[in-house]
Amino acid sequence: MGKEKTYISIIVIGHVDSGKFTSTGHLIYKSGKINNRTIEKFQKEAVKMGKGSFKYAWVLDKLKAECEHIISIDNSLWKIEIKYYVTIIDAPGHRDFIKNMTTGTSQADYAVLIVAAGVGELEGGISKNRQIHELALLA
């Protein structure tokens, strides 16, 4: 009899526009949970709205309001199977929805903090109300 896989949950957090939804959406796509046709559909919609780089982020967005306003309002849950059974909790990064992120954090075994490294982005996330610091403490 084979060894049973372990279940783990991981929350992905980060400052708004840090790339956490794009990174997580790409991971879910690469795990085989999203097919090419769906990604192509998101690509066309994103280009039409002038947001071509958002195709992977939209994998996680379920609410139409999120796609139109380009912010995430609630936690998104995805399950993938690798060496473990993994539940990925992707949390909103906008300060107005920090309560939703905190709820997701309380359900996670591990946290991944995505930090934007573009010129000025890292500094902005650190100095702008110290949100990266706050997210790290909450996790």
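Residue numbers (the UniProt record's numbering): 1 to 139. Beta carbons: idealized from backbone N, C-alpha and C, even for Gly.
For residue i and residue j, what's the separation of their Cα atoms in angstroms?
i: residue 145; j: Ile13; result: No information on residue 145 is available, as it lies outside the stretch 1 to 139 that the chain covers here.
i: Thr105; j: Ile28; result: 19 angstroms
i: Gln107; j: Gly50; result: 35 angstroms
i: residue 147; j: Phe21; result: It is not possible to answer for residue 147, since the shown part of the chain is limited to 1 through 139.
i: Glu4; j: Tyr84; result: 9 angstroms
i: Ser23; j: Lys30; result: 11 angstroms
i: residue 174; j: Thr6; result: Limits of the chain in this structure are 1 at one end and 139 at the other, which puts residue 174 out of reach.
i: Lys64; j: Lys48; result: Annotation note: pLDDT 39 at Lys64 (below 50); position unreliable, coordinate value reported separately. C-alpha separation (whole angstroms): 15 angstroms.
i: Leu137; j: Gly52; result: 33 angstroms
Give every residue of the same chain whose Cβ lies closer than 8 angstroms to the Cβ of residue i, excluding the five residues on either side of it in the sequence, and list them in chain order.
i: Phe42; result: Phe54, Lys55, Tyr56, Trp58, Val59
i: Leu122; result: Val115, Ala116
i: Ile82; result: Ser31
i: Thr38; result: Val59
i: Gly118; result: none
Tell me which same chain residues have a C-beta within less than 7 angstroms of the C-beta of residue i, skipping the five on either side of it?
i: Lys33; result: Trp78, Ile80
i: Gly120; result: none
i: Glu134; result: none
Return yes when at least one heavy atom of the ligand MG lies under 7 angstroms from the C-beta of residue i, else no.
i: Asn36; result: For the ligand MG, the structure offers nothing, since it holds no ligand at all.
Taking the CB atoms as reference points, tell me whether residue i and residue j lie closer together than 8 angstroms.
i: Thr87; j: Ser9; result: yes
Skipping 5 residues on each side, what residues in its chain have a beta carbon closer than 6 angstroms to that of residue i?
i: Ile11; result: Ile89, Ala91, Gly104, Thr105, Ala108, Ala111
i: Gly25; result: Tyr56, Ala57, Val59, Leu60
i: Glu40; result: none
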